[in-house]
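**Q** One structure is given below, represented as structure tokens, and several questions about it will come after.
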């Protein structure tokens, strides 16, 4: 089946070539990081996680959001999602792969990664995260590939695929819950030490993930003539809008608890992110941009005349993805380190090396997604 | 100060065994030094003598702790820091981003950010307080570690296995005291004068204060305690009600860093 990815038009190959160039840049930068150490990044003693862990956190959400098409299709017989299910599953595969690559890129001793399995430590949330992420990737690639293979031969999918698909539904919730627990159980990091972190992660994931699915469906319609259908997109818009609303509601509750209680440690990170703290306000414009853009996009999706127009749908979709990427992929991880345990405010700026590695990993993910979707669409369109 | 062996282990037999170990370790170190032509610290080359572990330690019997009298700590004095960082081959790159530190001075209000700052005496406000790993009874760092590369020893010391650490830095995010450092670059060029008392580390692993466990086993006090010219630091077994440190804790009002987190630090401060 994979041979179908080797047949494409000029635009397809140009896209693949572009991604390969970016991957090359990323590998070169990673080589530099491997030979000189993680000191080549903007991370340091005080802000000890940066872009890599941020991207990981955002992408676990993207991976989990496949459930937003799988669940309605398999559990509620929503036939409208028929053409989107495989897209969601393969998006989950590429996102989960990127997550693992970002974790590897962040490690000081990546050659020792198997120590996580050699010395299994159930008290560590990382152990569980490695388990659920790998499991989720396997569940999606195996069930997606098997169902697609059966479709190509024109036979019904083997019955065991159903079991894997049903298992993948709670599993999707687990990957993002465990990812939230990586943060939410650390004492003294008050931005993270909150019970609503896991629910908020899920809400923002389902908003950003469904928005990405909407955007992918437009891209596939344009470049491959594969139309998932207006009905599927409109249903995704509704899911995206309410997930986005839930996310901003939960953010609002965080604000209330922090500022009404007036406990300094609870307020500090939010002050740093949204208003500036002791004259440090590097992320303030981004956070407000994220908040306003996100709320506006959700409003567009909730306005019936607007959400039916493709142009508005695309704009609001991009808006939600960008908004949540800034909130979760930048603010949440960096903001959690401010102030430091010794009450200092340290600003973080990623380096070119760090950004190149990040570009490289995103490109690997996009390449895998491109190849998988190429295969899927070729089978679905029987060419 | 206190005589360490009498506080730690009343068991004479164990002391005898420790002396045996010391002899062997000393010979091993010499052999190692010779092999490496004196270029590298010998510690890493020396084989472990299993006989020292034959007497199984009782977990929880001993709990090492430290009491810091901040009133005695002299302004501008860095002798304990210099001694610790030299004896443990802690690099100095002169930049705060990639900094590695085991023990350092912090302003009072930074070390105790949740304590009251209202109408405090100028003296206390300006005071520099020694900060290092708290060797917590409930350490959040060991809980977060996915490989048991950091773990709480039988004697309460929160220790590091540099050969197992994968460099994920979860322990750094988990530590509420900022006590952990990561080797963002190769530490060896940052070591001005190599010491053969403790192995150097590689880039990519986390490190921190080890309460001088390599000195304790030789019946020596931690380097910081040993070098303090003002005798501002006191070290001993917190589980022994008769130890000098316990008597001092009983006689003085002390503080701990962020006690509200339930980590139960083994460091105490007299302000």
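Residue numbers (our numbering), protein chains in the order written: chain W, 153 to 535; chain E, 194 to 464. C-beta atoms are modelled at their ideal positions from N, C-alpha and C, and glycine is treated no differently.
(1) For the segment 344 to 372 of chain E, which residues have a beta carbon sitting closer than 9 Å to at least one beta carbon of chain W?
(2) Do you know how far the Cα of residue 379 (chain W) is from the Cα of residue 253 (chain W)?
(3) Taking 8 Å as the threshold (C-beta atoms), are residue 157 (chain W) and residue 526 (chain W) in contact?
(4) Does chain E have any CB closer than 8 Å to the CB of residue 499 (chain W)?
(5) Identify whether residue 250 (chain W) lies in helix, strand or coil by the three-state DSSP scheme.
(6) Verify the CB distance criterion: does residue 260 (chain W) have a CB-CB separation below 8 Å to chain E?
(7) Give a yes or no on whether 8 Å exceeds the smallest Cβ distance from residue 253 (chain E) to chain W.
(8) Pull out every residue of the segment 430 to 462 of chain W whose Cβ sits closer than 9 Å to any Cβ of chain E, in chain order.
(9) Given this structure, state the Cα-to-Cα distance separating residue 140 (chain E) from residue 416 (chain E), to the nearest angstrom.
(10) Enumerated in chain order, which unbroken segments of the beta strand (DSSP E) with a length of 3 residues or greater are wholly contained in the segment 421 to 495 of chain W?
(11) Assuming residue 342 (chain W) contacts residue 432 (chain W) (C-beta within less than 8 Å), just tell me the rounded distance between them.
(12) Can you check which of these residues, E:264, E:402 and E:285, is closest to residue 385 (chain E) by C-alpha distance?
(13) Quick check: what's the CA-CA separation for residue 263 (chain E) versus residue 435 (chain E)?
(14) Please name the residue in W:399, W:261, W:459 and W:206 whose C-alpha comes closest to that of residue 481 (chain W).
(15) May I have a chain-ordered list of the beta strand (DSSP E) segments no shorter than 3 residues that lie completely inside the segment 317 to 362 of chain E?
(16) Sorted by chain position, which residues of the same chain lie with C-beta nearer than 6 Å to residue 348 (chain E)'s C-beta, five sequence neighbours on each side aside?
(17) Grouping DSSP H, G and I as helix and E and B as strand, with all else coil, what is residue 308 (chain E)?
(18) Would you call the segment 364 to 373 of chain W and the segment 223 to 232 of chain W touching, i.e. three or more CB-CB distances under 8 Å?
(19) Could you check what DSSP says for residue 404 (chain E) in three-state terms: helix, strand or coil?
(20) If you count every other CB in all the chains shown that lies within 10 Å of the CB of residue 514 (chain W), and 16 or more means buried, which is it?
(21) Counting along the chain, where does the beta strand (DSSP E) carrying residue 461 (chain E) start and finish?
(22) Could you name the residues of chain E that residue 372 (chain W) contacts, counting a contact when the two beta carbons are closer than 9 Å?
(23) Could you please give me the residues that DSSP links to residue 219 (chain W) through a beta bridge?
(24) Using only CA atoms, which one of E:408, E:376, E:419 and E:381 lies nearest to residue 396 (chain E)?
(25) State the DSSP-derived secondary structure class of residue 233 (chain W), mapped to helix, strand or coil.
(26) Could you say which of E:462, E:408, E:322 and E:334 lies nearest to residue 302 (chain E) if we only look at CA atoms?
(27) Examine chain E for any beta-carbon lying closer than 8 Å to the beta-carbon of residue 182 (chain W), and answer yes or no.
(28) Given that residue 189 (chain W) touches chain E, what residues does it touch there, using C-beta distances under 8 Å?
(29) Below 8 Å between beta carbons is the criterion; list the residues of the segment 273 to 291 of chain W that meet it against any residue of chain E, in chain order.
(30) Please determine if the segment 318 to 338 of chain E and the segment 366 to 373 of chain E are in contact, where contact requires at least 3 C-beta pairs separated by less than 8 Å.
**A** Taking the geometry as given:
(1) So the list reads 356, 357, 358, 359, 360, 361, 362, 363, 365, 366, 367, 368, 369, 370, 371 and 372, given in the order they occur along the chain.
(2) Approximately 31 Å between the Cα atoms of the pair.
(3) The answer is yes: Cβ separation under 8 Å.
(4) Taking Cβ atoms only, chain E never reaches closer than 8 Å to residue 499 (chain W), which makes this a no.
(5) Shown here, residue 250 (chain W) sits in a helix according to DSSP, grouped into three states.
(6) Chain E contact via Cβ: present.
(7) For residue 253 (chain E), the answer is no, since every Cβ of chain W falls outside 8 Å of its Cβ.
(8) So the list is empty, because no residue satisfies the distance condition.
(9) The structure shown does not extend to residue 140 (chain E), since chain E is modelled only from 194 to 464, so the question has no answer here.
(10) Taken in chain order, no unbroken stretch of beta strand (DSSP E) lies wholly in the segment 421 to 495 of chain W with a span of 3 residues or more.
(11) In this structure residue 342 (chain W) is not in contact with residue 432 (chain W), their Cβ atoms being roughly 17 Å apart against a cut-off of 8 Å.
(12) Closest by alpha carbon: E:285.
(13) Rounded to whole angstroms, residue 263 (chain E) to residue 435 (chain E) spans 23 Å at the Cα level.
(14) It is W:206.
(15) For the segment 317 to 362 of chain E, whole beta strand (DSSP E) runs of length 3 or above, ordered along the chain, are 321 to 325, 343 to 345 and 351 to 353.
(16) Here the set comprises 255 and 257.
(17) Residue state, collapsed to three classes: coil.
(18) The answer is no - the segment 223 to 232 of chain W does not touch the segment 364 to 373 of chain W, with fewer than three Cβ pairs under 8 Å.
(19) If DSSP states are grouped into helix, strand and coil, residue 404 (chain E) belongs with coil.
(20) Answer is buried; the Cβ neighbour count reaches 16.
(21) 460 to 463 is the extent of the beta strand (DSSP E) around residue 461 (chain E).
(22) Taking a Cβ-Cβ cut-off of 9 Å, residue 372 (chain W) has no neighbours in chain E, whose nearest Cβ is about 37 Å from it.
(23) In DSSP, residue 219 (chain W) forms no bridge with anything.
(24) It is E:376 whose Cα lies nearest to the Cα of residue 396 (chain E).
(25) Residue state, collapsed to three classes: helix.
(26) Ranking the options by Cα distance to residue 302 (chain E), first place goes to E:322.
(27) Not an interface residue.
(28) Result: 376, 377, 378, 379, 396 and 397.
(29) Legend: CB atoms of the segment 273 to 291 of chain W lying less than 8 Å from CB atoms of chain E belong to residues 273, 275, 276, 277, 278, 279 and 282.
(30) As far as the Cβ criterion goes, the segment 318 to 338 of chain E touches the segment 366 to 373 of chain E, which means the pair count is three or higher.
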